[in-house]
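Engineer:
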Amino acid sequence: MPAIECRSLTRYYGDVRGIEDVSFAVEDGEVFGFLGPNGAGKTTAIRTLLGFLSPTSGGATLLGHDAADPVASRRARERIGFLPGDPGLDRDRTAGAFLDHQAALRGESSRDRLVDRFGLDESRRIGDLSRGNRQKVALVAAFMHDPDLLLLDEPTSGLDPLLQEEFAALVRDRVDDGASVLLSSHVLGEVAALCDRVGVLREGHLVAVESVSDLRSRGGKQVRVRVAEDVARADFERRDVMNLRVGETVSFTWTGEYDALIDLLSGYSVLDLDVVDAPLEAAFMTFYDGDVPGPAGGGNGGRSAETRGGDAPATPAPADATADSGGGDR
Amino acid sequence: MSDRPAPWLAIARYDAAGRARGSLATTGLLSAFLLLFLAFFPSLSTAGVDLDAYVEAFPPAFQEAFGIIAISSIEGFLAVEFYQFAWLLLVGLYLAYLAGGTIAGDVASGRMDLTLSAPVARRDVVVGRFLGLVPLVALLNLVLPVVAYVGVLAVGETIAVERLIAVHALAVPYHLACVALGVAVSTLVSRPGIAQRIALGALFGLFMFESVAASTDFAGLGDVSPTAHYDPSAVLVLGEYDATGAATLLAATAVLVALAVVRFRRADLSG
């Protein structure tokens, strides 16, 4: 039985698309990542799974229980840990009082261990805590009842690198104990480091589901070449070239065979050539450009929406980030 | 799971604990307000002015609105100057306002997401948030009769203890109805600030309507207002205890909370 099974899940806010026809499964013991730019529908998907929003159509099961049925989903929620993108914590209560309350609702088998692990001072008012420490409070609340399924929306936002490591270790510990995880992020590195598989959400559609190892292997090569001749952009605009940038050096991601690359370059006097494994970001972009239908670039397009500010608008999404640096091939 | 309290109880306790300081402050302020008015009474009663004749000259709607029966006795004075105004209107509006922010506030702040990600039914949330305001109602109606009694003695007057207790005992159903009204509005309106103002405005509108309707041929229509079922002047001045009114208010409370549950069960949490 998969931990999460999502069947054509669709949620509209009036005329505005939140998610549409999203189908996937998170297998038992798997870590599944939702990856996508701001407004792609990650938060909507998670909130619909948890029953906060009723699906417009389609359905889902959590730990075998119907997510849309209040009684069944309540049974599932006994064993679920949830970290919202923007946890609504009571600023004027102490961390201890808040966790006491959460414990009364869910249980607290691992609370003391987690509070120690994160070095949390429970006597402090939540409003007086730093953003990172507030996130720790929310993390303890999400993990303290040893849940079998974790739904984590932008879990590491606000955490410093050291804490991000600690968080990753915490997730791995839970997974080792048999838990399944669905986490969302717009940071590819974070997803790649933790997840077995990645689902790419774009404008409310789940456009691809890939295993992280596949994603790595199909990433292609990052090519930087300087040639003696003037380069016409059109000469390099071909199917196996992505993220093309033509300037003093020509740089692009090559997804074809080496021989074809050598053929392409044989028409020039090569002054300098640098071929390396493309970083995962580029692999991800390759994937986007090649397989994704719909308008290229700008996953923030006006027709999709997320309900809550889990995605800080100031942080560029990977698609946009690469589009900016990868420049003019659009 | 057996060592955990029922979710509605856990929610009510947490909510009430969060309101503890505010509840004490409100009780203290209202006590001071009551004592301030009582301090005026001796000078008023010895001023030699026929106050009862004075208030009798007020238009009927005004007399109805402020429950003016007699003002020269300590009972009449307390009823008009404190209970009709502070207990019926001020506390009622304040409770409706507080309750208006409960559900809508939780949804808007994202707090509801955390609560409902736990094995908690939506009904538990509504009932818990309603009950979370009950300690404030209880505190007000337990402390103020004592303050009033001591204050009356302090200004050299006496008052029937039984009537003083009754005016607070009968205030409880009325205050609960105000809370229930606020909670119900809070499940209907998604923005907490708006919900609070609508709850407050609705209660005030009903009070105005009842006051005006009372002096027309449509006095019966005024019964839709919670304020029609709690009459501190009748209790204090005439010793008339309206048990039917109290029962009506308790029934209305139950209906409003039930409506809130039904409404919230089907609601999307999109603040």
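Protein sequences appear in the order of chains A and B.
Okay, so the first sequence: first residue is 458 according to the working numbering, each after it adds one.
Okay, so the second sequence: first residue is 227 according to the working numbering, each after it adds one.
Every residue, glycine too, gets a C-beta built ideally from N, C-alpha and C.
Work out the CA separation of alanine 251(B) and alanine 283(B) for me, nearest whole Å.
Structural biologist: Computed Cα separation, rounded: 38 Å.
Engineer: Counting only C-beta atoms, is alanine 325(B) closer than 8 Å to chain A at any point?
Structural biologist: Not one chain A Cβ lies under 8 Å of alanine 325(B).
Engineer: Short of 8 Å in beta carbon distance, which residues of its chain neighbour alanine 595(A), apart from the five on each side in sequence? Order them along the chain.
Structural biologist: Cβ within range, chain order: Leu540, Pro541, Pro544, Leu546.
Engineer: Name the DSSP beta bridge partners of arginine 659(A), please?
Structural biologist: Per DSSP, His662(A).
Engineer: By alpha-carbon positions, which one of Gly713(A), Gly677(A), Thr505(A) ends up nearest to valine 733(A)?
Structural biologist: Checked all of Gly713(A), Gly677(A), Thr505(A); the closest Cα to valine 733(A) is Gly677(A).
Engineer: Residues in the same chain with beta-carbon distance under 7 Å from arginine 492(B), minus the five sequence neighbours each way, listed in chain order, please.
Structural biologist: Once the five neighbours on either side are set aside, arginine 492(B) has no close Cβ partner at all.
Engineer: Is the Cβ of isoleucine 461(A) closer than 8 Å to any Cβ of chain B?
Structural biologist: No, its Cβ sits nowhere closer than 8 Å to a Cβ of chain B.
Engineer: Who are aspartate 734(A)'s beta bridge partners in DSSP?
Structural biologist: Answer by DSSP bridge pairing, in chain order: Lys678(A).
Engineer: Nearest by alpha-carbon distance to aspartate 605(A): which of Val638(A), Trp711(A), Val688(A), Ala524(A) is it?
Structural biologist: The candidate whose alpha carbon is nearest that of aspartate 605(A) is Val638(A).
Engineer: Under 7 Å between beta-carbons, which chain B residues line up against arginine 568(A)? List them in chain order, please.
Structural biologist: Here the premise fails: no neighbours, minimum Cβ distance about 13 Å.
Engineer: In whole angstroms, give me the CA-to-CA distance for glycine 486(A) and alanine 484(B).
Structural biologist: For glycine 486(A) and alanine 484(B), the distance between alpha carbons rounds to 41 Å.
Engineer: Are the C-beta of phenylalanine 490(B) and some C-beta of chain A separated by less than 8 Å?
Structural biologist: Cβ-Cβ to chain A under 8 Å: no for phenylalanine 490(B).
Engineer: Taking 8 Å as the threshold (beta carbon to beta carbon), is histidine 522(A) in contact with chain B?
Structural biologist: Not an interface residue.
Engineer: Find the residues of chain A that neighbour valine 351(B), judging by a C-beta separation of less than 7 Å, and give them in chain order.
Structural biologist: Correct list: empty, because the minimum Cβ distance to chain A is about 10 Å.
Engineer: Residues in its own chain within less than 7 Å of glycine 615(A) by CB, not counting five upstream and five downstream?
Structural biologist: Arg588, Gly589, Gln592, listed in sequence order.
Engineer: Give me the subset of the stretch 244 to 265 of chain B whose CB atoms are less than 8 Å from a CB atom of chain A, sorted by chain position.
Structural biologist: Taking 8 Å as the Cβ-Cβ cut-off against chain A, the residues of the stretch 244 to 265 of chain B that qualify are Gly244.
Engineer: Taking 8 Å as the CB-CB cut-off, is arginine 531(A) touching chain B?
Structural biologist: Yes, because at least one Cβ of chain B sits closer than 8 Å to the Cβ of arginine 531(A).
Engineer: Spell out the partners DSSP gives histidine 522(A) in its beta bridges.
Structural biologist: For histidine 522(A), which the question treats as bridged, DSSP gives the partners Leu519(A).
Engineer: In its own chain, which residues sit with a C-beta less than 8 Å from the C-beta of aspartate 556(A), not counting the 5 before and 5 after it?
Structural biologist: Just to set this straight, residue 556(A) is leucine in the shown sequence, not aspartate. Result list for leucine 556(A): Glu565, Arg568, Val572, Glu579, Val594, Val597, Ala598, Met601, in chain order.
Engineer: Say whether chain A places a C-beta atom closer than 8 Å to the C-beta of proline 345(B).
Structural biologist: At least one chain A Cβ lies under 8 Å of proline 345(B).
Engineer: Counting pairs of beta carbons, one from the stretch 461 to 475 of chain B and one from the stretch 358 to 366 of chain B, are three or more of them closer than 8 Å?
Structural biologist: No: the two stretches stay apart, fewer than three of their Cβ pairs being nearer than 8 Å.
Engineer: Going straight from the alpha carbon of glycine 493(A) to that of alanine 625(A), what length do you get?
Structural biologist: Cα to Cα, the separation comes out at about 20 Å.
Engineer: What residues match up with alanine 482(A) in a beta bridge as DSSP calls it?
Structural biologist: Glu462(A), per the DSSP bridge assignment.
Engineer: For a contact meaning CB atoms closer than 8 Å, what does glycine 427(B) contact in chain A?
Structural biologist: Neighbours of glycine 427(B) on chain A: none; closest Cβ ~27 Å, over 8 Å.
Engineer: If we cut at 8 Å on Cβ distances, does proline 285(B) have a partner in chain A?
Structural biologist: Chain A contact via Cβ: absent.
Engineer: Taking 8 Å as the threshold (beta carbon to beta carbon), is leucine 701(A) in contact with chain B?
Structural biologist: No - not a single Cβ of chain B is within 8 Å of the one on leucine 701(A).
Engineer: Report the rounded CA-to-CA distance for alanine 554(A) versus aspartate 241(B), giving the unit in angstroms.
Structural biologist: Whole-angstrom Cα-Cα distance: 11 Å.
Engineer: List, in order along the chain, the chain A residues whose C-beta lies closer than 7 Å to that of serine 335(B)?
Structural biologist: By Cβ distance, chain A contributes Gly545.
Engineer: Rounding to the nearest angstrom, what Cα-Cα distance links isoleucine 300(B) and alanine 374(B) in this structure?
Structural biologist: Cα-Cα distance, rounded: 11 Å.
Engineer: Tell me whether alanine 473(B) is buried or exposed, calling it buried when 16 or more other Cβ atoms sit within 10 Å of its Cβ.
Structural biologist: It counts as exposed.
Engineer: Among residues of its own chain, excluding the 5 on either side of arginine 690(A), which ones have a beta-carbon nearer than 6 Å to its beta-carbon?
Structural biologist: Excluding sequence neighbours, arginine 690(A) sits near Val703.
Engineer: Does the distance from the C-beta atom of valine 346(B) to that of leucine 562(A) stay below 8 Å?
Structural biologist: Yes, the pair counts as a contact, with Cβ atoms nearer than the cut-off.
Engineer: Can you tell me whether glutamate 714(A) is helix, strand or coil according to DSSP?
Structural biologist: Glutamate 714(A): coil per DSSP, three-state reduction.
Engineer: With DSSP as the reference, label methionine 699(A) as helix, strand or coil.
Structural biologist: In the structure shown, methionine 699(A) sits in a strand (DSSP, three-state: E or B).
Engineer: Taking 8 Å as the threshold (C-beta atoms), are valine 657(A) and valine 727(A) in contact?
Structural biologist: In this structure, valine 657(A) does not lie closer than 8 Å to valine 727(A) by Cβ.
Engineer: Starting from the beta carbon of leucine 495(B), find every residue of chain A whose beta carbon is closer than 8 Å, and list them in chain order.
Structural biologist: Arg504, Phe509, Leu510, listed in chain order.
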